[in-house]
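K.L.:
Protein chains in written order, with our numbering: chain A, 1 to 333; chain B, 1001 to 1333.
We put the beta carbon where it would ideally sit given N, CA and C, even for glycine.
Before we start, here is the structure in question, set down as structure tokens.
Number of protein chains: 2
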Amino acid sequence: MTNSVIDDVYNNTLTAYAISAAWELGLLERLDVSDQPVDLADFAREHDLHAPSVEAIARGLAIAGIVVLGPGHAFATPGPLFADTWAKKGFFYWLTRGCGDLFRTMPQLVRNSSRTGDFVVRDYKAIGLAARDAGFSYVDPTFYKIIADRGLTYGADLGCGSGERLIKLAGRDPEFRGIGVDFAPGAVALATESVANAGLDQRISVVHGDATRMEYRPEFSQVDFVCCFMMGHDLWPREECLASLKLIGEAFPSATDLIICDTYRSDLPPTEPHPVFTLGFETAHAVMGQMIPSLGEWNEVLSEAGWQRADVVDFDLPPYTALMHLTRELPGA
Amino acid sequence: MTNSVIDDVYNNTLTAYAISAAWELGLLERLDVSDQPVDLADFAREHDLHAPSVEAIARGLAIAGIVVLGPGHAFATPGPLFADTWAKKGFFYWLTRGCGDLFRTMPQLVRNSSRTGDFVVRDYKAIGLAARDAGFSYVDPTFYKIIADRGLTYGADLGCGSGERLIKLAGRDPEFRGIGVDFAPGAVALATESVANAGLDQRISVVHGDATRMEYRPEFSQVDFVCCFMMGHDLWPREECLASLKLIGEAFPSATDLIICDTYRSDLPPTEPHPVFTLGFETAHAVMGQMIPSLGEWNEVLSEAGWQRADVVDFDLPPYTALMHLTRELPGA
Chain A
1 MTNSVIDDVY NNTLTAYAIS AAWELGLLER LDVSDQPVDL ADFAREHDLH
51 APSVEAIARG LAIAGIVVLG PGHAFATPGP LFADTWAKKG FFYWLTRGCG
101 DLFRTMPQLV RNSSRTGDFV VRDYKAIGLA ARDAGFSYVD PTFYKIIADR
151 GLTYGADLGC GSGERLIKLA GRDPEFRGIG VDFAPGAVAL ATESVANAGL
201 DQRISVVHGD ATRMEYRPEF SQVDFVCCFM MGHDLWPREE CLASLKLIGE
251 AFPSATDLII CDTYRSDLPP TEPHPVFTLG FETAHAVMGQ MIPSLGEWNE
301 VLSEAGWQRA DVVDFDLPPY TALMHLTREL PGA
Chain B
1001 MTNSVIDDVY NNTLTAYAIS AAWELGLLER LDVSDQPVDL ADFAREHDLH
1051 APSVEAIARG LAIAGIVVLG PGHAFATPGP LFADTWAKKG FFYWLTRGCG
1101 DLFRTMPQLV RNSSRTGDFV VRDYKAIGLA ARDAGFSYVD PTFYKIIADR
1151 GLTYGADLGC GSGERLIKLA GRDPEFRGIG VDFAPGAVAL ATESVANAGL
1201 DQRISVVHGD ATRMEYRPEF SQVDFVCCFM MGHDLWPREE CLASLKLIGE
1251 AFPSATDLII CDTYRSDLPP TEPHPVFTLG FETAHAVMGQ MIPSLGEWNE
1301 VLSEAGWQRA DVVDFDLPPY TALMHLTREL PGA
């Protein structure tokens, strides 16, 4: 049987689905920690899974070299591509599980007649899990270092999601206080619960709010930094972003530091090799009708909004993702 | 920016989604027939599509070499992989559009606790469109030749779908008569309508029926052949298939010929190059809990059911797909 490049494109799609499934089912983790070949039938039994499906998923991994299958396809061991897959599994999960419905229905969503109301369906729980896995281990240390170096102790996290970021900061500094802001009622409820479970409700509060139209509240008065992770692009296009940044500056009158971490537009020509994520991120946002600014466009609008660039740290993973650290002099300082 | 094998797996998944979208939106066809570069903005305008999404889809094709993008990504022309993509587009459509929900939710469907009731969601309209495109041009001539060579004039099509197969046979032979049988009420309605639209309702009838428990009806008495396309595997496992074949033989007492065209199990080890479709077909059926017989298993059960093998034609596309032609001597003949 012959095999062409297009056949590989097809088979790689099955592999992508298999990576997401193997991660969600715990098979990737088992492969990562096990020092022996993983018995697939045992694994299925222990997790109450359908054994032929587990074997099919393992085959989807094996065809790309992520695992090697032993005698009779009964055993799996990590293959040459396992380590890279493990590092990037969150991006696959974002693609097929978080945005799977968006991409499946893309031909419909592209028709102007369908583009009304909430026309895009995404699985935000899966996207949250993916984002937490995909590269935050690389981003977090840079973030913590800025907070420590600048002596910041009171943060507002716009788009706080599960509240995990503020909880971690509170765990690192017993003086730290924070306010989580999110537009999604589900996130506000989840963050409130997580903060309470961590015993931090005296130090961290969670409020409902829209980052595009922030308004001052008395509890914002002492906030000394504002951060915003992986949602800054939602503030765009340019004029809307500029207006939002000005409102944020006014709503948090004592904030000297602004930290925005986001994936920016790559402007990568299709003839260049693409890293993981970029094509998926940019395609999904094109379909959603959300422009993604370039790093240059970010720099320019932040400057116009009165924030001075202190540092920009560019990450390899997630690719085309930067942590932008901005500062400002306060009038009374 | 570096790029690894896993990054290509990721990007190829976007390309697969882009192929399905470009086909459904008519962009692949425009590229196929146009002797000039396709202006993407014009194409979007003519079809009332969201232009940035069309550009993103074109980029998903370009990254794999299916199209080449001209200045400013405004124009697309067929690239080195276009011809192979055009030939295989139906398999991609089957994968991401027909079975997209199955693969997206695969991690759930693998859990035994979710495997009750109609646990698999597939888009049967998309699967029908895909199947019609994917390789039937290769299969049809072989089928027509058997009908003509054997002088067959009255066919029953089990799993007749849209009724297209019987309508085509009636178009080739003015004496031809047929009975379409399908289990899906939607298919019965569609086939009935298509037959009426073709002005063939005096020669072709459509009835509701289950191929796994066929029963004689007076109108079956003159049927001289039974055919069954792309659903024979639904009759398995073995004992159920044997029982179904015996009932089919009894329900059509004058049928001398049985023609089964189906994709069979490849038994291809993951270390071998895989053609398009095979991994998708076998993974989807594993998840659905439907065994796929090998060609050897088919031969054996057909023989035990009293059918003599006249010919087996194996196709390159769809891969691992055979047209099995069986005959039998009738007692009174």
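#1: Between the stretch 218 to 231 of chain A and the stretch 184 to 202 of chain A, do at least 3 Cβ pairs fall closer than 8 Å?
#2: Cα separation between A:V120 and B:D1173?
#3: Less than 8 Å between the C-beta atoms of B:I1167 and B:S1194, yes or no?
#4: In angstroms, rounded to a whole number, what distance separates the CA positions of A:H73 and A:E29?
#5: For the stretch 1251 to 1268 of chain B against the stretch 1082 to 1093 of chain B, are there 3 or more C-beta pairs whose distance is under 8 Å?
#6: Let me know the secondary structure DSSP gives B:V1312 once reduced to three states.
#7: Using CA atoms only, rank isn't needed, just tell me which of B:A1076, B:L1317, B:H1047 and B:R1045 is closest to B:G1060.
#8: So A:H285 is in the alpha helix (DSSP H); what residue range does that whole segment cover?
#9: Please state whether the Cβ-Cβ distance between B:V1110 and A:L49 is less than 8 Å.
#10: Hey, A:E239 and A:T212: beta-carbon distance below 8 Å or not?
#11: For B:L1258, which residues does DSSP report across the bridge?
#12: Taking just the CA atoms, how far does B:P1080 sit from A:P78?
#13: So for B:P1319, helix, strand or coil by DSSP?
#14: Contact check, A:L279 vs B:I1057 under 8 Å by CB: the rounded distance?
#15: Applying the 10 Å Cβ sphere with the 16-neighbour rule, what's the burial state of A:T15?
#16: Taking the C-alpha atoms as reference points, what is the distance between B:S1266 and B:E1297?
#17: For the putative contact between B:L1235 and B:A1305, defined by C-beta atoms under 8 Å, what is the C-beta separation to the nearest angstrom?
#18: Report yes if the CB atom of A:C99 is closer than 8 Å to the CB atom of A:A286, and no otherwise.
#19: Entirely within the stretch 1123 to 1149 of chain B and at least 4 residues each: give me those alpha helix (DSSP H) ranges in chain order.
#20: Sorted by chain position, which residues of the same chain lie with C-beta nearer than 6 Å to B:G1180's C-beta, five sequence neighbours on each side aside?
#21: Over what stretch of residues does the alpha helix (DSSP H) that includes A:D84 continue unbroken?
#22: Would you mind working out which of B:T1321, B:V1068 and B:K1088 sits nearest B:G1232, comparing C-alpha positions?
#23: Looking only at its chain, what residues have a beta carbon closer than 7 Å to the beta carbon of B:S1294, apart from the 5 residues adjacent to it on each side?
#24: Based on Cα-Cα distance, which residue from A:P237, A:L326 and A:A251 lies nearest to A:D210?
#25: Can you check whether the C-beta of A:V313 is within less than 8 Å of a C-beta belonging to chain B?
#26: Please identify the residue among B:N1011, B:G1289, B:I1147 and B:G1026 whose C-alpha is closest to the C-alpha of B:G1117.
#27: Would A:P107 pass as an interface residue toward chain B - the criterion being a Cβ-Cβ separation below 8 Å?
#28: Return the chain-ordered ranges of every alpha helix (DSSP H) run that is complete within the stretch 1168 to 1208 of chain B and spans a minimum of 4 residues.
#29: Which of the three DSSP states is assigned to A:Y17 in this structure?
#30: Tell me which residues share the same chain as B:T1142 and place their Cβ nearer than 6 Å to its Cβ, disregarding the 5 neighbours each side in the sequence.
#31: Since I believe B:L1302 is in contact with B:L1326 (beta carbons under 8 Å), could you give me their beta-carbon distance rounded to a whole number of angstroms?
#32: Which residues in chain B have a C-beta closer than 9 Å to the C-beta of A:G289? List them in chain order.
#33: Given a cut-off of 8 Å on the beta-carbon distance, is the pair A:P107 and B:E1024 in contact?
#34: What's the C-alpha gap between B:G1178 and B:G1199?
#35: Thinking C-beta only, is A:H274 closer than 8 Å to B:N1012?
#36: Can you give the Cα-Cα distance for B:L1330 and B:D1133, rounded to whole angstroms?
P.N.:
For this structure:
#1: no
#2: 49 Å
#3: yes
#4: 19 Å
#5: no
#6: strand
#7: B:A1076
#8: T278 to M288
#9: yes
#10: no
#11: B:V1226 and B:L1326
#12: 34 Å
#13: coil
#14: At roughly 11 Å, the Cβ-Cβ gap does not stay under 8 Å, so A:L279 and B:I1057 are not in contact.
#15: buried
#16: 12 Å
#17: Between B:A1305 and B:L1235 the Cβ distance is about 11 Å, and since that is not below 8 Å, they are no contact.
#18: no
#19: 1124 to 1133 and 1136 to 1149
#20: D1157, C1160, G1163, L1166, A1191 and V1206
#21: F82 to Y93
#22: B:T1321
#23: Y1264, R1265 and D1267
#24: A:A251
#25: no
#26: B:G1289
#27: yes
#28: 1185 to 1197
#29: helix
#30: V1313 and L1323
#31: 6 Å
#32: H1050, P1052 and S1053
#33: yes
#34: 13 Å
#35: no
#36: 37 Å
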